[in-house]
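Colleague: The following block contains the structure, expressed as structure tokens.
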Amino acid sequence: MPTDTTPPLTAQGIVTAYRRRSGRRVALVALAALALFTTVVIDVITGPADLSFWRVAHVIVNPSVATTKEEVIIWDLRLPVALMAVVVGAMLGAAGAEMQTILNNPLADPFTLGLSSAASFGAALAIVSGLSVIPGVGGLFVTVNAFVVSMLASLALFAFTRLRGVTPEAMILVGIAMLFTFNALLAFLQYGASELQLAQLIFWQLGSLARATWEKVGICMIVLAVVMPYFLSRSWALTALRMGEDKAAALGVNVSLLRLMVLAGVSLLSAVAVSFVGAIAFVGLVGPHIARMIVGEDQRGFLPLSALAGALILSGTSIASKAITPGIVYPIGMITSLIGIPFFVSLILSQRKRHWQ
Amino acid sequence: MTFMTNVSGFVPAIAATATLLAAAPDANAEALTLTDIAGREVTLTEAPNKIILGEGRMMYSIAAISEGNPFEKVVGWKDDLILYDPDAFRKFEAAFPQDAERMINFGNPYAGDFSIEAVLEADADLVLLDVGNLFKAEETGLIEKLGKAGVPVVFVDFRRNATENTVPSLLILGRLLGEEQGALEFVDFYIAEMRKVTNVVDQIPAEERPLVVVENAAGWQNDFCCWSFGPYNYGRFVELAGGTNYASKLANAYSIDISMEGIIEADPDHIIGTGANWAEAKPEVTSTLLGYEGDPAVNAEKIDALAMRPGFRDLRAVQDGKYHSIYHQFYNSPYHFIAVQQIAKWLYPDDFADLDPQDTFDRMHAKFMPYDNSGQFWLSASAPAN
Numbered sequence: 083m084p085t086d087t088t089p090p091l092t093a094q095g096i097v098t099a100y101r102r103r104s105g106r107r108v109a110l111v112a113l114a115a116l117a118l119f120t121t122v123v124i125d126v127i128t129g130p131a132d133l134s135f136w137r138v139a140h141v142i143v144n145p146s147v148a149t150t151k152e153e154v155i156i157w158d159l160r161l162p163v164a165l166m167a168v169v170v171g172a173m174l175g176a177a178g179a180e181m182q183t184i185l186n187n188p189l190a191d192p193f194t195l196g197l198s199s200a201a202s203f204g205a206a207l208a209i210v211s212g213l214s215v216i217p218g219v220g221g222l223f224v225t226v227n228a229f230v231v232s233m234l235a236s237l238a239l240f241a242f243t244r245l246r247g248v249t250p251e252a253m254i255l256v257g258i259a260m261l262f263t264f265n266a267l268l269a270f271l272q273y274g275a276s277e278l279q280l281a282q283l284i285f286w287q288l289g290s291l292a293r294a295t296w297e298k299v300g301i302c303m304i305v306l307a308v309v310m311p312y313f314l315s316r317s318w319a320l321t322a323l324r325m326g327e328d329k330a331a332a333l334g335v336n337v338s339l340l341r342l343m344v345l346a347g348v349s350l351l352s353a354v355a356v357s358f359v360g361a362i363a364f365v366g367l368v369g370p371h372i373a374r375m376i377v378g379e380d381q382r383g384f385l386p387l388s389a390l391a392g393a394l395i396l397s398g399t400s401i402a403s404k405a406i407t408p409g410i411v412y413p414i415g416m417i418t419s420l421i422g423i424p425f426f427v428s429l430i431l432s433q434r435k436r437h438w439q
Numbered sequence: 049m050t051f052m053t054n055v056s057g058f059v060p061a062i063a064a065t066a067t068l069l070a071a072a073p074d075a076n077a078e079a080l081t082l083t084d085i086a087g088r089e090v091t092l093t094e095a096p097n098k099i100i101l102g103e104g105r106m107m108y109s110i111a112a113i114s115e116g117n118p119f120e121k122v123v124g125w126k127d128d129l130i131l132y133d134p135d136a137f138r139k140f141e142a143a144f145p146q147d148a149e150r151m152i153n154f155g156n157p158y159a160g161d162f163s164i165e166a167v168l169e170a171d172a173d174l175v176l177l178d179v180g181n182l183f184k185a186e187e188t189g190l191i192e193k194l195g196k197a198g199v200p201v202v203f204v205d206f207r208r209n210a211t212e213n214t215v216p217s218l219l220i221l222g223r224l225l226g227e228e229q230g231a232l233e234f235v236d237f238y239i240a241e242m243r244k245v246t247n248v249v250d251q252i253p254a255e256e257r258p259l260v261v262v263e264n265a266a267g268w269q270n271d272f273c274c275w276s277f278g279p280y281n282y283g284r285f286v287e288l289a290g291g292t293n294y295a296s297k298l299a300n301a302y303s304i305d306i307s308m309e310g311i312i313e314a315d316p317d318h319i320i321g322t323g324a325n326w327a328e329a330k331p332e333v334t335s336t337l338l339g340y341e342g343d344p345a346v347n348a349e350k351i352d353a354l355a356m357r358p359g360f361r362d363l364r365a366v367q368d369g370k371y372h373s374i375y376h377q378f379y380n381s382p383y384h385f386i387a388v389q390q391i392a393k394w395l396y397p398d399d400f401a402d403l404d405p406q407d408t409f410d411r412m413h414a415k416f417m418p419y420d421n422s423g424q425f426w427l428s429a430s431a432p433a434n
């Protein structure tokens, strides 16, 4: 919370200021949601096939009017990808936001803490050596491997937080150590990979929405529907935590339990996201920063806006990746940074005060 | 224009042939200097006797040009042949059991396990590498390290620029192995069989050429479509067979990831997927298992399943029964003229009514290979009943 605002003197004044802040928060979130809706619409109407806005809208509202070609393009190809971008972006944004909050570090996100590399390593294990961590999952074993290894990495991080006297800084260092460990293991597997396996691996490492299906979108939505309400219900405690561990404890927050529970939620969000789309850097890191610069630290605004910012970045990326050369699929991981960075830098430059306190 | 391009590919080959014939050196007796496919001049003090193959699939070429035992001068390889074309490996194994047994697996030349020590331990006097890995070989210092150890490296290429580099690569292998005669005979066969197609399709104007989408390794991964080739390898085979390769229009790259929507919009006349017996190394593949042990009944089921994948099933090409599948490993072998012939037959059934690629392949085996032809190497999906 910015400390330089002058406190209003009267009770009436305090209430008015509070209402104004709440109203502003709601308006900002609504604005971001509107922007997201716009990008999703653009995402769905663009592609190599030339379909007009009205035609697409018509087919979505009334699927029975579609020709087979339109049905396949809109319902099987474009909509799952567009929605996958939104849900995965939201998951990564929310995961990054809460990771930064509980670890009290602006550099924390699923990528920098090694959860994405863990998922990539799990996938590589399946792709290169055909090794399935959980037997009997059939064709899904690449995804399942990615998820399991990523969850194991979270568990390790988790176990580490239970050690006596471990500071958030130490946890970050452990996360970074995991990042490098998994990257090294990944490089090791790459050496033995064939040409086709390498092509498959690269798509994993750079992230891709091309594998989106309705089932995957559904699973992501369920995870979001479970984790987000929990985060929101703990938002006062998380906001308190950002003012300092001692202050939060003084306000009656069980800090270590809160950290543990939120870490579990974050792990679930990021493991599911990366096991479906591969490693996508930047979204989980920058989404929350953008949100923080716009609404500040109050979780009631910060959390939804982080998720929306993440979704916006990924949705924009999805549009851009189709626009480069129609018909060619580019890995989105390399485009997220190119899309998000100019916006991010302009925000940093326009912000006078320090955005991380 | 197309004709000019085709001719230019053969000019170096023909020139090289002429040089070889004129010089006719006794390769086994003295030092050998040659320029490899990477453009490097390499000098060998004597003809190599203990060769390491950077890829096991180089045996396709070595077997084709060798008169006797193709393993005679080979000490080791990478196990890609065993993993990704087990059918062909078992053919070699049956013909030369002791040699197949004797092969040392040096692993990936660009990996840590391909150690200079192992090369020296095997007393190797030549390492053959694939030009597609030239950059990696330079970057990892492999060439330099082997050079210091006194083991020369020669690059060949049957994949990256397959149609341009196959003839010179065969000539290089011929000189290295002392099998010039076999190499020349195979080159003659290659040119004659390639010409049977290119002489006909060169007359076909660009706008009349059917649009073809190549799906590299169809069924290798179940949740993504598609890997394709730009104007290289199978993309180039399609062009030489008189087709317009879809991905060549998108980018000038070897490998291109194309989107399903792009394919639907392009509405191709033919779709050609590649397949090989990958199921042994990777049980979850849904590819056609083409090769020396290819079973027509199994593959007929597999190709129909591939053609019925979401997105594919409604394509005009699939509805017309023009979803085809062909042996993937033609992409890394000197006998890709078989692929060119079969693709031409698919694209222009009337013009090539008399061309019989199966017969070409059988003749090739009878004349050059140490084992007989067998199995199945291509097929088309059945047109849906409706």
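Here the protein sequences come in this chain order: A and B. Start counting at 1 in the first sequence, then tack on 82, and there's your number in this note's numbering. Start counting at 1 in the second sequence, then tack on 48, and there's your number in this note's numbering. All C-beta atoms, glycine included, are put in the ideal place defined by N, C-alpha and C.
If you draw a straight line from the C-alpha of threonine 128 of chain A to the C-alpha of isoleucine 401 of chain A, how long is it?
Modeller: Counting from one through the first sequence, the residue named residue 128 of chain A turns up at place 46. Counting from one through the first sequence, the residue named residue 401 of chain A turns up at place 319. Going from the Cα of threonine 128 of chain A to the Cα of isoleucine 401 of chain A covers about 7 Å.
Colleague: Looking only at its own chain, which residues have a Cβ that is under 6 Å from the Cβ of asparagine 421 of chain B, when we skip the five neighbours before and after it?
Modeller: As a first step, residue 421 of chain B is located in the second sequence; it is residue number 373 there, counting from the start. Hits under 6 Å: Phe409, Asp410, His413.
Colleague: Alpha carbon to alpha carbon, how far is alanine 235 of chain A from methionine 260 of chain A? Give it in angstroms, no decimals.
Modeller: Sequence index remark: in the first sequence, residue 260 of chain A carries index 178 (1-based). Sequence index remark: in the first sequence, residue 235 of chain A carries index 153 (1-based). Going by the C-alpha atoms only, they are around 8 Å apart.
Colleague: What residues of chain A sit near tyrosine 308 of chain B, judged by a beta carbon separation below 7 Å?
Modeller: As a first step, residue 308 of chain B must be located in the second sequence, where it is residue number 260. Residue identity check: residue 308 of chain B is methionine in the sequence provided, not tyrosine. Simply Leu159.
Colleague: Would you say leucine 271 of chain A reaches chain B, if we count a Cβ-Cβ gap shorter than 8 Å as a contact?
Modeller: In the first sequence, counting from the first residue as 1, residue 271 of chain A sits at position 189. Cβ-Cβ to chain B under 8 Å: no for leucine 271 of chain A.
Colleague: Do phenylalanine 203 of chain A and valine 231 of chain A have their C-beta atoms within less than 8 Å of each other?
Modeller: Working through the first sequence from its first residue, we reach residue 203 of chain A at position 121. Working through the first sequence from its first residue, we reach residue 231 of chain A at position 149. Result yes, Cβ atoms of phenylalanine 203 of chain A and valine 231 of chain A sit closer than 8 Å.
Colleague: Any idea which residues DSSP pairs histidine 318 of chain B with across the strands?
Modeller: As a first step, residue 318 of chain B is located in the second sequence; it is residue number 270 there, counting from the start. Answer is B:Val260.
Colleague: Apart from the five residues on each side of it in sequence, which residues of its chain come closer than 6 Å, Cβ to Cβ, to asparagine 265 of chain A?
Modeller: Taking the first sequence and counting its residues from 1, the one referred to as residue 265 of chain A is at position 183. Cβ within range, chain order: Ser199.
Colleague: On the criterion of 16 or more Cβ atoms from any shown chain inside 10 Å, does tryptophan 268 of chain B qualify as buried, or is it exposed?
Modeller: The sequence position of residue 268 of chain B within the second sequence is 220, counting from 1. Per the 10 Å Cβ criterion, buried.
Colleague: Counting only C-beta atoms, is valine 154 of chain A closer than 8 Å to chain B at any point?
Modeller: As a position in the first sequence, residue 154 of chain A is number 72, starting the count at 1. Yes, valine 154 of chain A counts as interfacial toward chain B.
Colleague: Bridge partners of serine 276 of chain B, per DSSP?
Modeller: For the purposes of this step, residue 276 of chain B is taken as residue 228 along the second sequence, with counting starting at 1. The partner list for serine 276 of chain B (beta bridge, DSSP) reads B:Ile304.
Colleague: Checking contacts by CB at 8 Å: is tryptophan 268 of chain B closer than that to chain A?
Modeller: Taking the first residue of the second sequence as position 1, residue 268 of chain B is located at position 220. Tryptophan 268 of chain B counts as touching chain A.
Colleague: Does the beta-carbon distance from alanine 266 of chain B to glycine 359 of chain B come in below 8 Å?
Modeller: In the second sequence, counting from the first residue as 1, residue 266 of chain B sits at position 218. In the second sequence, counting from the first residue as 1, residue 359 of chain B sits at position 311. Taking 8 Å as the Cβ cut-off, alanine 266 of chain B and glycine 359 of chain B do not qualify as a contacting pair.
Colleague: Whose C-beta lies closer than 8 Å to the C-beta of alanine 166 of chain B among residues of the same chain, with five residues either side of it excluded?
Modeller: In the second sequence, counting from the first residue as 1, residue 166 of chain B sits at position 118. Within the same chain, alanine 166 of chain B has close Cβ partners Ile152, Phe154.
Colleague: Cβ closer than 7 Å: which chain A residues qualify as neighbours of isoleucine 312 of chain B?
Modeller: Translated into the one-based positions of the second sequence, residue 312 of chain B becomes position 264. Per Cβ cutoff of 7 Å: Ala131, Lys151, Val154, Ile155.
Colleague: Could you spell out where the alpha helix (DSSP H) holding threonine 211 of chain B opens and where it closes?
Modeller: Counted from its first residue, the second sequence places residue 211 of chain B at position 163. Note, threonine 211 of chain B: alpha helix (DSSP H), 210-225.
Colleague: Output yes or no for whether 8 Å exceeds the beta carbon distance between alanine 231 of chain B and leucine 218 of chain B.
Modeller: As a working note, residue 231 of chain B is residue 183 in the second sequence. As a working note, residue 218 of chain B is residue 170 in the second sequence. Their beta carbons are under 8 Å apart, which means alanine 231 of chain B touches leucine 218 of chain B by this criterion.
Colleague: Since isoleucine 395 of chain A meets chain B, which of its residues come closer than 9 Å, beta carbon to beta carbon?
Modeller: Within the first sequence, residue 395 of chain A is the residue found at index 313, counting from 1. Within chain B, no residue comes near isoleucine 395 of chain A; the closest Cβ sits about 21 Å away, beyond 9 Å.
Colleague: If you check the beta carbons only, do glutamine 377 of chain B and arginine 105 of chain B fall under 8 Å apart?
Modeller: Residue mapping note: residue 377 of chain B aligns to position 329 of the second sequence, counting from 1. Residue mapping note: residue 105 of chain B aligns to position 57 of the second sequence, counting from 1. Yes, the pair counts as a contact, with Cβ atoms nearer than the cut-off.
Colleague: Of the residues that make up the stretch 401-422 of chain A, which ones have a beta carbon closer than 9 Å to any beta carbon in chain B?
Modeller: Answer set for the stretch 401-422 of chain A: Lys404, Thr407, Pro408, Gly409, Ile410, Val411, Tyr412, Pro413.
Colleague: Decide yes or no for the touch test of the stretch 380-394 of chain A against the stretch 362-372 of chain A: beta carbon pairs closer than 8 Å, at least 3 of them.
Modeller: The stretch 380-394 of chain A, when compared against the stretch 362-372 of chain A, does touch it at the 8 Å Cβ threshold.
Colleague: Is DSSP giving serine 333 of chain B helix, strand or coil here?
Modeller: In the second sequence, counting from the first residue as 1, residue 333 of chain B sits at position 285. First, the amino acid is wrong: residue 333 of chain B is valine here, not serine. The answer is coil: DSSP assigns valine 333 of chain B none of H, G, I, E or B.
Colleague: To the nearest angstrom, report how far apart methionine 107 of chain B and isoleucine 130 of chain B are at their CA atoms.
Modeller: Taking the second sequence and counting its residues from 1, the one referred to as residue 107 of chain B is at position 59. Taking the second sequence and counting its residues from 1, the one referred to as residue 130 of chain B is at position 82. Answer to the nearest angstrom: the Cα atoms are 11 Å apart.
Colleague: Specify whether the stretch 305-322 of chain B and the stretch 356-376 of chain B touch according to this definition: at least 3 beta carbon pairs, one from each stretch, less than 8 Å apart.
Modeller: The stretch 305-322 of chain B is in contact with the stretch 356-376 of chain B.
Colleague: Does the CB of isoleucine 374 of chain B have a neighbour CB from chain A at under 8 Å?
Modeller: Here the question's residue 374 of chain B lines up with position 326 in the second sequence. With 8 Å as the cut-off, isoleucine 374 of chain B does not count as an interface residue toward chain A.
Colleague: Any chance the stretch 324-341 of chain B sits against the stretch 282-300 of chain B, with 3 or more Cβ pairs inside 8 Å?
Modeller: Judged by Cβ distances under 8 Å, the stretch 324-341 of chain B makes no contact with the stretch 282-300 of chain B, as fewer than three pairs qualify.
Colleague: DSSP on lysine 329 of chain A, reduced to helix/strand/coil?
Modeller: The residue labelled residue 329 of chain A in the question sits at position 247 within the first sequence. Here lysine 329 of chain A sits in helix by DSSP.
Colleague: Could you tell me which chain A residues have their CB closer than 8 Å to the CB of isoleucine 304 of chain B, listed as they occur along the chain?
Modeller: On the second sequence, position 256 is the one that residue 304 of chain B refers to. The contacting residues are Ile410.
Colleague: Can you give the beta carbon distance from serine 397 of chain A to alanine 208 of chain A, rounded, assuming they're within the 8 Å contact cut?
Modeller: Along the first sequence, read from residue 1 onward, the residue named residue 397 of chain A stands at position 315. Along the first sequence, read from residue 1 onward, the residue named residue 208 of chain A stands at position 126. Their Cβ separation, rounded to whole angstroms, is 29 Å, which puts serine 397 of chain A and alanine 208 of chain A out of contact at 8 Å.
Colleague: Taking only beta-carbon positions, decide if lysine 330 of chain B is within less than 8 Å of chain A.
Modeller: For the purposes of this step, residue 330 of chain B is identified with residue 282 of the second sequence, where counting begins at 1. Interface residue, yes.
Colleague: Output yes if chain A places a C-beta closer than 8 Å to the C-beta of phenylalanine 272 of chain B; else output no.
Modeller: Reading the second sequence from its first residue, position 224 is the one you call residue 272 of chain B. Yes - at least one Cβ of chain A is within 8 Å of the one on phenylalanine 272 of chain B.
Colleague: Please list, in chain order, all residues of the same chain as leucine 337 of chain B whose beta carbon is under 8 Å from its beta carbon, the five residues on each side excluded.
Modeller: Locating residue 337 of chain B in the second sequence gives position 289, counting from the first residue. Once the five neighbours on either side are set aside, the close Cβ partners of leucine 337 of chain B are Gly323, Ala324, Asn325, Trp326, Ala327, Asp343, Val346, Asn347, Lys350.
Colleague: Against aspartate 128 of chain B, what residues of chain A qualify as contacts under a CB-to-CB distance less than 8 Å, listed in chain order?
Modeller: Taking the second sequence and counting its residues from 1, the one referred to as residue 128 of chain B is at position 80. The contacting residues are Ser276.
Colleague: With proline 413 of chain B as the anchor, note down where its alpha helix (DSSP H) starts and where it stops.
Modeller: Indexing the second sequence from 1 puts residue 413 of chain B at position 365. Per the sequence presented here, residue 413 of chain B reads as histidine, with proline not at that position. Looking at the DSSP string, the run of the alpha helix (DSSP H) that includes histidine 413 of chain B is 405-416.
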